[in-house]
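So that you can map any letter, position 41 of the sequence shown is 40 in numbering that gives the first Met the number 0, and since no number is skipped, the others follow by simple counting. Glycine included, C-beta positions come from ideal geometry on N, C-alpha and C.
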Amino acid sequence: MKHVTLYSTPTCPYCARAKQLLTSLNVPYEEIDLASNDTLREELSLKYNWQTVPMIVIGDEFIGGFDDLAALHADGNLMKKLEA
Numbered sequence: 000m001k002h003v004t005l006y007s008t009p010t011c012p013y014c015a016r017a018k019q020l021l022t023s024l025n026v027p028y029e030e031i032d033l034a035s036n037d038t039l040r041e042e043l044s045l046k047y048n049w050q051t052v053p054m055i056v057i058g059d060e061f062i063g064g065f066d067d068l069a070a071l072h073a074d075g076n077l078m079k080k081l082e083a
């Protein structure tokens, strides 16, 4: 299974929903808190052209936020994307 990285903040409801979805599917993920790391948040925003959290990366591919993750799951493509 490809590595999943979820960049988040503690108060973000969409981050909580993304974590809940991944957990419900038994998908392990690494969570990186951006709340106190403005430098990393700015670097990621520039790298992925994305301003909000969560920022979700599967393997080396930036997926987007919770809505994008949920859409992949609804379309039946999330588990395919996670395959190594």
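Let's see if you can read the secondary structure: which residues bound the alpha helix (DSSP H) around residue i?
| i | result |
| --- | --- |
| Asp66 | Phe65 to Ala73 |
| Met78 | Leu77 to Leu81 |
Hey, quick one: how far does the beta strand (DSSP E) through residue i stretch, first residue to last?
| i | result |
| --- | --- |
| Thr4 | Val3 to Ser7 |
Is it true that the CB of residue j sits closer than 8 Å to the CB of residue i?
| i | j | result |
| --- | --- | --- |
| Glu41 | Val3 | no |
| Tyr6 | Met54 | yes |
| Ile57 | Lys79 | no |
Kindly list the residues whose CB is nearer than 7 Å to the CB of residue i, restricted to its own chain and excluding five residues on each side of it in sequence; keep chain order.
| i | result |
| --- | --- |
| Leu39 | Leu33 |
Got a sec? Which residues, its chain only, sit under 8 Å from residue i by beta carbon, not counting five neighbours each side?
| i | result |
| --- | --- |
| Leu43 | Tyr6, Leu33, Trp49 and Met54 |
| Gly64 | Tyr13, Ala17, Trp49, Thr51, Val52, Pro53, Met54 and Ile55 |
Report all residues from its chain with a CB closer than 6 Å to the CB of residue i; omit the five preceding and five following residues, and keep chain order.
| i | result |
| --- | --- |
| Phe61 | Tyr47 |
Q | Ranges of the alpha helix (DSSP H) found wholly within the segment 0-65, counting only runs of at least 4 | A | 12-23 and 37-47
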